[in-house]
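Engineer: Structure in structure tokens, see below.
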Amino acid sequence: MSDIAVILPDGTELSVEEGATVRDAAFEIGPGLGKDTVAGVVDGDLVDKETPLHDGANLVIVTDQSDEYLDVLRHSAAHVFAQALQRLSPEAKLTIGPWTDDGFYYDVTNVDLEKEDLEAIEDEMRNIIEEDLDIERTLVDREEALEKYADNPYKRDILETEAAGDDELSFYEQGEFEDLCKGPHVESTGEIGAVKLLNISAAYWRGDEENDTLTRVYGTAFESESDLEDFLEMRAEAEERDHRKLGQELDLFSIPSVTGPGLPLYHPNGKKVLDALETYGRDLNEDYGYDYVETPHLFRTELWKQSGHYDNYQDDMFLLDVNDEEYGLKPMNCPGHATIFKQGSWSYRDLPVRYAENGKVYRKEQRGELSGLSRVWAFTIDDGHLFVRPDQIEQEVEDIMDIILEVLETFDLDYEVALATRPEKSVGSDEIWEQAESQLRSVLDASKMDYVVESGDGAFYGPKIDFAFEDALGRKWDGPTVQLDFNMPERFELSYTGEDNEEHRPVMIHRALYGSFERFFMVLIEHYNGKFPFWLAPEQVRILPISDDQIGYAKKLKYELGDFRATIEDRSWTLGRKIREAQTDRVPYMVIVGGNEEEAGTISVRDRKEREAQDVTVEEFRDHLEAEAAEKRPEPDFLADEE
Ligand SMILES: [Zn+2]
Ligand SMILES: [Zn+2]
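Taking the numbering used here as reference, the numbering of the sequence shown is continuous, increasing by one, and the terminal residue is 1515.
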């Protein structure tokens, strides 16, 4: 038998016999590792340890110490769920049950399930774990597999599509239960330390709303009860902060069904926050030499054909006929900006040209995927497009990184950075890719930021730097991006006249600071738990007269606070109730005025942290507010702390 070579994570090659499996390779490295092997990651895919290796495969051995172990464990928990369900409701039909970032789900049908039923299933799951059943992989031939699923059209569909080419199908068995499955799994059900079923919802077969509706049961699993408890605590906190819940309580936005799915309406309070974000972004962009442009929501499909969106993105676009001509709502702002650039004639001295627009875009996401502000049909990108000479990439990217870092710092968001490089299929010359990637690397190296390189993860049209931010609960969200593009300038035949008097192609850079306003707004609502920093708060100050006698004085104070967003609580409530209400509404400052204050011409101030100051003059208060607004501090000092 001849040998093949596999590549280990540290880049070394390991020679193994042809036909060797993941586990064989692990034994080759060391008998200890061989025994501990749970699964493998081959070329990026988590696979069973019995999977045969091919020459040149990238191999990572998974043990119970690996990050991937939790995925394996959770997939096994999904099987335990399915087994428990079938013990209780033998008529239930199984479809698919993958692991997810924080647990697993299983889509089932032919069974009536309500949230109240989950507890009984969970109890049965614990029995199965207690029984410590061996989980065994078996290979079944095609005919037999089809027979097993004679009355399950979903599993048959899988056999006839994804698994169409396989003569032998892998099944996993535990006790009386078996499931068509690629794995991998843990050795026995007893390895699962803790399980919890979390939720139930509707889902469509293959995510397509034209298909059958299924019941999706969500759950999670951990190695230990204490890990599960930590998770449930975090989850309760996240639910408490859910932006859909806070959005309603604080009257920020709504997405009513009458206006259509994924089409958010911003109420006055929400719009005030967006305005503050927009102004901040505009100031930054103008400092860094961006010019604002504006483009309409709709273009002829001619434009989308030129940009390539029509060929590659059509299914996600809203297209409509107007007088026998086809138009499309814009899914991206770049083609409009490229067209503006094309209207000019440019010399090398004019570059870089930087356009900015808070541009509304429309993308037809699957209805089932829509959720609050995180996935919508209509959203606004704080878009920027730069047209630069290849030798300017480094300087421009450096500036963009500076703005992004300033934004992340302002909002007190932690972040991770990744450089995504040339994928196998790409457009553009070797020369431009090498030049661009080395410039991005040198910006990242000079910035002293920690970053990971995601080899081959760039877009086909250029490399990119992606930021993921981490909110106060440690959750990660897609954040700002800096994306180089060698393709669109080509498609739009953009050019500038070089020093050599020849025509040259500029490189286009796409960048966003917030990403989309919708996503960013969602993150901020949850990150701050609705307690927006003063400069963002829709209502910054609420004046609470102790009795109706001070309403006149309250009006005078409101006037003196000028442009700050102040309101007067004029309902005839007790002071205690007025304070509680302002606290619930998360107003940063309460100004409390009674007869004494009016007589002395002063105010009492109380903040959201229940810190209080008496005998404050309006001037002092206003100076404090001005400083706080200018510095945009997320965790401000209180008045009295400043002296
Ligand atoms: Zn499975
Ligand atoms: Zn763009």
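Where is the CB? At the ideal position from N, CA and C, for every residue including glycine.
All values derive from a computational prediction rather than experimental measurement.
#1: Residues bridged to K1232 by DSSP?
#2: Determine the closest residue to L1245 out of S874, R1414, L1135, R946, with distance taken between C-alpha atoms.
#3: Give every residue of the same chain whose Cβ lies closer than 6 Å to the Cβ of M1189, excluding the five residues on either side of it in the sequence, and list them in chain order.
#4: Can you tell me where the alpha helix (DSSP H) holding E1003 begins and where it ends?
#5: Quick check on the DSSP output: the beta strand (DSSP E) that includes V983 runs from which residue to which?
#6: Let me check you understand the geometry: is the CB of C1053 closer than 6 Å to at least one non-hydrogen atom of ligand 1?
#7: Should the region 1178–1187 be regarded as contacting the region 1356–1375, the criterion being three or more beta carbon pairs within less than 8 Å?
#8: If you run the structure through DSSP and keep just helix, strand and coil, what is V1463?
#9: Go through the region 1261–1347 residue by residue and report every complete run of the alpha helix (DSSP H) that reaches 4 residues or more, in order.
#10: Does at least one heavy atom of ligand 2 sit under 6 Å from the Cβ of H1382?
#11: Are the region 955–963 and the region 1035–1051 in contact at 8 Å, needing three or more beta carbon pairs?
#12: Quick one: what's got a C-beta closer than 8 Å to P970's C-beta in the same chain, skipping five residues either side?
#13: Do H1115 and E1398 have their C-beta atoms within less than 7 Å of each other?
#14: If we count Cβ pairs, one from each stretch, closer than 8 Å, do we get three or more for the region 1371–1386 versus the region 1315–1328?
#15: Using a Cβ distance threshold of 8 Å, determine whether the region 1238–1258 contacts the region 1288–1303, with at least three qualifying pairs required.
#16: Could you pull the DSSP bridge partners for K1068 from this structure?
#17: In this structure, how does DSSP classify E1172 when only helix, strand and coil are distinguished?
#18: Along the chain, where does the beta strand (DSSP E) that runs through S1476 open and close?
#19: Under DSSP, the alpha helix (DSSP H) around A1499 begins and ends at which residues?
#20: When DSSP labels each residue in this structure, what does T1369 get in the three-state scheme?
#21: Three or more C-beta pairs under 8 Å: does that hold for the region 930–947 against the region 1028–1043?
#22: Assuming S1042 and G1055 make a contact with CB atoms under 8 Å, what is their CB distance in whole Å?
#23: Which partner residues does I879 have in the DSSP bridge list?
#24: Name the DSSP beta bridge partners of H1376, please?
#25: Going along the chain, which residues of its own chain have a beta-carbon closer than 8 Å to the beta-carbon of S1126, five neighbours each way excluded?
#26: Quick one: grab the DSSP three-state call for K1054.
#27: Thinking F1259 and F1332 are a contact (beta carbons under 8 Å), I'd like their distance in whole angstroms, please.
#28: Could you check whether the Cβ of E1063 sits closer than 7 Å to any Cβ belonging to chain B?
#29: Hey, quick one: how far does the alpha helix (DSSP H) through G1424 stretch, first residue to last?
#30: Taking only the alpha-carbon atoms, compute the straight-line gap between E922 and T1211 and give it to the nearest angstrom.
#31: Just tell me which of L905, P924, A877 has its CA closest to the CA of G891.
#32: From Y1220 to K1403, what distance separates their C-alpha atoms?
#33: Using only the alpha-carbon positions, how far apart do V983 and V1089 sit?
#34: Can the beta-carbon of R895 be found closer than 7 Å to that of T884?
#35: By how many angstroms is the C-alpha of E1150 removed from the C-alpha of E1492?
#36: What first and last residue would you give for the beta strand (DSSP E) that runs through G912?
Structural biologist: Walking through what the data contain:
#1: Position 360 of the sequence shown holds residue 1232. As a beta-bridge residue in DSSP terms, K1232 pairs with T1252.
#2: Reading the sequence shown from its first residue, position 373 is the one you call residue 1245. For the residues S874, R1414, L1135, R946, the minimum Cα distance to L1245 belongs to L1135.
#3: Mapped onto the sequence shown, residue 1189 falls at position 317. Cβ neighbours of M1189 beyond the five flanking positions: G1200, P1203.
#4: As a first step, residue 1003 must be located in the sequence shown, where it is residue number 131. Residues 990–1003.
#5: For the purposes of this step, residue 983 is taken as the residue at position 111 of the sequence shown. Note, V983: premise wrong, no beta strand (DSSP E); not H, not E.
#6: Taking the first residue of the sequence shown as 1, we reach residue 1053 at position 181. Ligand 1 has a heavy atom closer than 6 Å to the beta-carbon of C1053.
#7: Cβ pair count under 8 Å is three or more, so yes.
#8: By one-based count along the sequence shown, residue 1463 stands at place 591. V1463: strand per DSSP, three-state reduction.
#9: Within the region 1261–1347, the runs of alpha helix (DSSP H) that reach at least 4 residues and sit entirely inside it are, in chain order, 1265–1282, 1302–1319.
#10: Taking the sequence shown and counting its residues from 1, one reaches residue 1382 at position 510. Checking the Cβ of H1382 against ligand 2 gives yes.
#11: Using a C-beta cut-off of 8 Å, the region 955–963 makes contact with the region 1035–1051, since at least three inter-stretch Cβ pairs fall below that distance.
#12: Within the sequence shown, residue 970 is the residue found at index 98, counting from 1. Short of 8 Å from the beta carbon of P970, and not among the five residues preceding or following it, lie these beta carbons of its own chain, in chain order: H947, A950, F976, Y977.
#13: Within the sequence shown, residue 1115 is the residue found at index 243, counting from 1. Within the sequence shown, residue 1398 is the residue found at index 526, counting from 1. By the CB criterion at 7 Å, H1115 and E1398 fall inside the cutoff.
#14: By the Cβ rule, the region 1371–1386 does not count as touching the region 1315–1328, because fewer than three pairs are nearer than 8 Å.
#15: With the rule of 3 Cβ pairs closer than 8 Å, the region 1238–1258 does not count as touching the region 1288–1303.
#16: Counting from one through the sequence shown, the residue named residue 1068 turns up at place 196. Within the DSSP bridge table, the entry for K1068 names T1092 as partners.
#17: One-based indexing of the sequence shown puts residue 1172 at position 300. Residue identity differs from the one stated: residue 1172 is Arg in this sequence, not Glu. Here R1172 sits in strand by DSSP.
#18: Locating residue 1476 in the sequence shown gives position 604, where the first residue counts as 1. Boundaries of the beta strand (DSSP E) harbouring S1476: 1475–1479, taken from the DSSP string.
#19: Working through the sequence shown from its first residue, we reach residue 1499 at position 627. That run of the alpha helix (DSSP H) goes 1490–1503.
#20: As a first step, residue 1369 must be located in the sequence shown, where it is residue number 497. Per DSSP, reduced to three states, the secondary structure at T1369 is strand.
#21: Contact between the region 930–947 and the region 1028–1043 is absent, because fewer than three Cβ pairs lie under 8 Å.
#22: Taking the first residue of the sequence shown as position 1, residue 1042 is located at position 170. Taking the first residue of the sequence shown as position 1, residue 1055 is located at position 183. The Cβ separation is near 7 Å, so the contact holds.
#23: Stepping through the sequence shown from its first residue, residue 879 is reached at position 7. Answer is E885, N930, bridged to I879.
#24: Mapped onto the sequence shown, residue 1376 falls at position 504. H1376 pairs with Y1368.
#25: Stepping through the sequence shown from its first residue, residue 1126 is reached at position 254. Only G1119, Q1120, P1136, L1137, H1139 meet the Cβ criterion.
#26: As a position in the sequence shown, residue 1054 is number 182, starting the count at 1. Residue state, collapsed to three classes: coil.
#27: On the sequence shown, residue 1259 is found 387 positions in, with the first residue counted as 1. On the sequence shown, residue 1332 is found 460 positions in, with the first residue counted as 1. Your pair F1259 and F1332 does not check out as a contact, with CB atoms roughly 20 Å apart and the cut at 8 Å.
#28: As a matter of chain content, chain B is missing from the structure shown, which is built from one protein chain.
#29: Against the sequence shown, residue 1424 aligns to sequence position 552. Start and end: 1423–1432.
#30: Here residue 922 corresponds to residue number 50 of the sequence shown, with the count starting at 1. Here residue 1211 corresponds to residue number 339 of the sequence shown, with the count starting at 1. If I take the Cα positions, the gap works out to 54 Å.
#31: Translated into the one-based positions of the sequence shown, residue 891 becomes position 19. Looking at the Cα atoms, P924 is the closest of the given residues.
#32: Against the sequence shown, residue 1220 aligns to sequence position 348. Against the sequence shown, residue 1403 aligns to sequence position 531. Roughly 48 Å between the two C-alpha positions.
#33: Looking up residue 983 in the sequence shown gives position 111. Looking up residue 1089 in the sequence shown gives position 217. The alpha-carbon atoms of V983 and V1089 are separated by roughly 12 Å.
#34: Numbered from 1 along the sequence shown, position 23 holds the residue referred to as residue 895. Numbered from 1 along the sequence shown, position 12 holds the residue referred to as residue 884. No, the Cβ-Cβ distance between R895 and T884 is not below 7 Å.
#35: For the purposes of this step, residue 1492 is taken as residue 620 along the sequence shown, with counting starting at 1. For the purposes of this step, residue 1150 is taken as residue 278 along the sequence shown, with counting starting at 1. Here the C-alpha atom of E1492 lies approximately 28 Å from the C-alpha atom of E1150.
#36: As a first step, residue 912 is located in the sequence shown; it is residue number 40 there, counting from the start. For G912, the uninterrupted beta strand (DSSP E) run begins and ends at 911–914, by DSSP.
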